[in-house]
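Structure record follows, encoded as structure tokens.
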Amino acid sequence: MRIPPLYEKPGWQRFFAGVAVGALISWFVFLYQFGVLQEEQLLLITKQQGDIKILEEYRDTLLSDKEKLNEENKKKLKIQEFKIDIIKNKKNNLDSFITHSLRTAVKEDLNHLIGEDVESISNTKELLIKAIENKTYEIDEKKYKLQVYVIVMGTTLEITLKIELVK
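Next comes the structure, spelled out in structure tokens:
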């Protein structure tokens, strides 16, 4: 068997020449696009490195300011979190959803006290008690009032409350 002599026919010669020229052109297009994309990536990386450097300086400044404030306020205790306990009355027969809703509502009301001095809050303890007791909480179309039973102050403000159903 013999391979047919296709190299002598001009149609096949043009086809192979077109394949070779197309491969060269596509290679140059690929190199151009790759270079353009790499240049964009390089610009993006240098911009991000500059941003990182600026943000690290900003972070270091904030950390040093925080350390200075901590040294100034070492002697002062601050409220960091709340612990709210609710005493259930057996006659009310409340489920856990209502107690949880009341607990979160009181936490939302007292959320502005986080970071305040324990001393200043203890001076206005009566105001805090009245603020909790005078508010009516409505859950599932029923109104509830809370009565402050115990308040313990420290870095954690612990409040024990009794629930009363308002009719």
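Under this note's numbering, residues 109 to 275 are what the sequence shown spells out, in order.
For every residue, glycine included, the Cβ atom is placed at its ideal position computed from N, Cα and C.
- When DSSP assignments are scanned along the region 185-241, the uninterrupted stretches of beta strand (DSSP E) that are 3 or more residues long and fall wholly within it turn out to be 189-195.
- When DSSP states are grouped into helix, strand and coil, K161 belongs to the helix group.
- One Cα belongs to D173, the other to E246, and the distance between them is close to 43 Å.
- T154 carries a helical assignment under DSSP once its states are collapsed to helix, strand and coil.
- DSSP, read as helix, strand or coil, puts T268 in strand.
- The residue among A128, E164, S230, K196 with its C-alpha nearest the C-alpha of L265 is S230.
- Ranked by how close their Cα comes to the Cα of G262, the residues I187, K275, R211, E180 have I187 in first place.
- Separation of the CB atoms of D193 and T244 is rounded to 20 Å, and the pair is thereby denied contact status at 8 Å.
- For K251, the uninterrupted beta strand (DSSP E) segment begins and ends at 250-260.
- Comparing C-alpha distances from A239 to each of E216, L150, K191 shows the shortest one belongs to E216.
- Taking C-beta atoms as the reference points, Y257 and L210 fail to come closer than 8 Å.
- CA-CA distance, E227 to K184, rounds to 8 Å.
- Look at T244 here: in three-state DSSP terms it is strand.
- Annotation for A213: Y245 place their beta carbon closer than 6 Å to its own, counting only its chain and skipping 5 residues before and after.
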